[in-house]
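The structure appears below as structure tokens.
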Amino acid sequence: MRADTDSTDLIRQAAAGDAGAWRQIVASCGPRVFALIYRQCGDRDLAEELTQATFVTVVEKFDSKYREQGRFEPWLFRIAMNRLRDEMRRRKRQAVPINQAMLVHVRDESAPQVLERLSRDEQIERLRISVAELPEADREVLHLRHTAGLSFAQIAETLGQPLGTVLARAHRALKKLREKLGGSEAGQDGQDR
Amino acid sequence: MNANRHNTDDRFDAKLDSLLDDALGATSVPGGVPADLTEKILAVTVPKLQQADEPRGVLARIGHWPAWRIAAAIVIVSSAAALWVVTTTDRRSADWTQQVNTQLAQISASESRSADAIDQQLALLDADLELLANVDDQWSSDLASFGNIDDPWSAMNGTTLF
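In order, the protein sequence lines correspond to chains A and B. Every number in the numbering used here is 192 more than the matching position in the first sequence, counting from 1. Every number in the numbering used here is 129 more than the matching position in the second sequence, counting from 1.
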């Protein structure tokens with residue numbers, strides 16, 4: 193699905209100034225960093241700017257800071273998240289989830305078995321909106337998992353939290369989504385049929 | 130019933146997980162990922178990457194934090210100053226030795242002057258002692274003559290002692 197950017201050799205080559213190795217890393221991680229930031233802040237230009245800033249920081253810190261062999265991606269995404277938080281703090285506003293305007297409209301349509309009734313595209317759109325309604329901490333875990341493509345262990349490293357905490361947050365987020373989308377009721381209904 | 134509910138929840142979670150991959154995946158962001166994103170990142174990072182590969186300055190090698198670099202700069206400047214002082218002192222050592230020799234000569238001259246002065250003083254003292262001895266002789270002879278008289282009281286010309 194994606195290049196293994198945690199390859200120690202690739203990282204070492206890039207850190208030694210190998211532009212080819214660095215290109216592979218950027219091509220593999222750049223879109224995910226961009227998507228992660230964009231989904232968190234909802235601002236395309238800001239996401240692009242922060243993505244570039246993240247990679248500049250990585251290059252600047254390759255020698256002095258990067259000691260985590262085999263843990264490049266948690267380090268990279270930690271820098272990205274910190275960049276985003278700093279920017280949000282600077283702007284003194286919360287990250288605005290995308291499609292916020294649609295929330296009111298769709299919320300009115302919430303009902304049990306929503307997913308069962310919708311096409312896959314509609315399900316996906318409905319899900320995005322439900323994710324945007326989650327608290328920031330829960331949303332963050334889902335984005336790191338499904339947008340950045342990190343494992344739970346890597347998410348724990350990225351956020352600097354115990355693995356148990358991250359798993360609990362993910363579980364809580366899925367539970368809230370299930371409640372929003374009427375999963376239990378849908379399943380129950382399907383089971384009874 | 131409860132077990133059935135857990136099973137359906139698990140099935141739903143699996144479906145949800147798959148849907149989340151599609152809904153939140155990097156390639157599915159609204160408007161898509163900018164086509165030139167990679168090139169833009171490379172344009173700003175590759176020069177820095179190659180710069181980082183070049184041998185870095187002494188301070189840059191010491192550490193990333195400015196505090197470390199400032200401390201290192203202070204140490205380096207202090208060491209350089211100390212080295213300069215040592216070198217400069219060494220260069221002037223010939224003059225310094227000459228000064229010391231001059232001072233030693235002056236000290237020894239002053240010491241010899243003092244000895245002469247002491248000799249002179251001793252001579253004066255000797256003269257004083259001689260004078261004193263003469264006075265003492267006179268005094269002894271007076272006492273002796275005083276002892277030879279038969280009537281000391283009359284010899285004193287009626288002088289009363291008390």
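Ideal Cβ placement from N, Cα and C applies to all residues, glycine included.
Original post:
Relative to chain A, which residues along the stretch 163-179 of chain B have a C-beta separation below 8 Å, given in chain order?
Top reply: Pro163, Leu166, Thr167, Lys169, Ile170, Leu171, Val173, Thr174, Val175, Lys177, Leu178 and Gln179
**OP:** Within 10 angstroms of the Cβ of Arg385 of chain A, are there 16 or more other Cβ atoms? Answer buried if so, exposed if not.
**Re:** Stepping through the first sequence from its first residue, residue 385 of chain A is reached at position 193. Low per-residue confidence applies at Arg385 of chain A: pLDDT is 36, beneath 50, and the placement is therefore not dependable, though the value from the model is reported in the following sentence. Flag for Arg385 of chain A reads exposed.
Original post:
Quick one, which of A:Thr243, A:Val250, A:Tyr230 and A:Ala239 has its alpha-carbon nearest Ile203 of chain A's?
Top reply: If you number the first sequence from 1, residue 203 of chain A lands on position 11. If we check each option's Cα against that of Ile203 of chain A, A:Val250 comes out closest.
Original post:
Which whole-angstrom value is the C-beta distance of Lys368 of chain A and Leu326 of chain A, which I expect to be below 8 Å?
Top reply: The count along the first sequence starts at 1 and reaches residue 368 of chain A at position 176. The count along the first sequence starts at 1 and reaches residue 326 of chain A at position 134. That belief holds up - the Cβ atoms of Lys368 of chain A and Leu326 of chain A are roughly 6 Å apart, short of 8 Å.
Subject >> Contacting residues, own chain, Cβ-Cβ under 8 Å from Gly154 of chain B (five flanking each side not counted) >> reply: Counted from its first residue, the second sequence places residue 154 of chain B at position 25. Contacts found: none.
Original post:
In the structure shown, what three-state DSSP assignment does Thr246 of chain A receive?
Top reply: What you label residue 246 of chain A is simply residue 54 of the first sequence in a count that begins at 1. Here Thr246 of chain A sits in helix by DSSP.
Subject >> Proximal residues to Thr246 of chain A (C-beta, below 6 Å), its chain only, five neighbours per side dropped >> reply: As a working mapping, residue 246 of chain A is identified with position 54 in the first sequence. Answer for Thr246 of chain A: Val225, Ile271, Ala272 and Arg275, listed in chain order.
Original post:
What's the call for Glu371 of chain A, buried or exposed, on a 16-neighbour Cβ count within 10 Å?
Top reply: Locating residue 371 of chain A in the first sequence gives position 179, counting from the first residue. Exposed is the call here.
Original post:
How long is the line joining the alpha carbons of Leu171 of chain B and Gly161 of chain B, rounded to whole angstroms?
Top reply: Indexing the second sequence from 1 puts residue 171 of chain B at position 42. Indexing the second sequence from 1 puts residue 161 of chain B at position 32. Using only the alpha carbons, I get a separation of about 19 Å.
Original post:
In chain E, which residues lie with their C-beta within 9 Å of the C-beta of Gly356 of chain A?
Top reply: No chain E appears in this structure, whose protein chains are A and B.
Original post:
Quick one: is the Cβ of Ala272 of chain A within less than 8 Å of any heavy atom of the ligand MN?
Top reply: Looking at this structure, you won't find the ligand MN or any other ligand, since it has none at all.
**OP:** Please determine if the stretch 312-331 of chain A and the stretch 204-213 of chain A are in contact, where contact requires at least 3 C-beta pairs separated by less than 8 Å.
**Re:** no
Original post:
Which of the three DSSP states, helix, strand or coil, is assigned to Phe254 of chain A?
Top reply: In the first sequence, counting from the first residue as 1, residue 254 of chain A sits at position 62. Coil.
Original post:
Ala152 of chain B CB to nearest chain A CB: under 9 Å?
Top reply: Residue numbering aside, residue 152 of chain B sits at position 23 when the second sequence is read from its first letter. With 9 Å as the cut-off, Ala152 of chain B counts as an interface residue toward chain A.
Subject >> Asp201 of chain A burial status per 10 Å Cβ neighbour count (16 or more: buried) >> reply: For the purposes of this step, residue 201 of chain A is identified with residue 9 of the first sequence, where counting begins at 1. Exposed, because fewer than 16 other Cβ atoms sit within 10 Å of the Cβ of Asp201 of chain A.
Original post:
Where do the N-terminal and C-terminal ends of the alpha helix (DSSP H) with Val158 of chain B fall, by residue?
Top reply: Position 29 of the second sequence, counted from the start, is the residue given in the question as residue 158 of chain B. Premise fails: Val158 of chain B is in no alpha helix (DSSP H) and is neither H nor E.
**OP:** Quick one: which residues of the stretch 205-230 of chain A get their C-beta closer than 9 Å to a C-beta of chain B? List them in chain order.
**Re:** Ala206, Ala207, Ala208, Gly209, Asp210, Ala211, Trp214, Arg215, Val218, Ala219, Gly222, Pro223, Arg224, Val225, Phe226, Ala227, Leu228 and Tyr230
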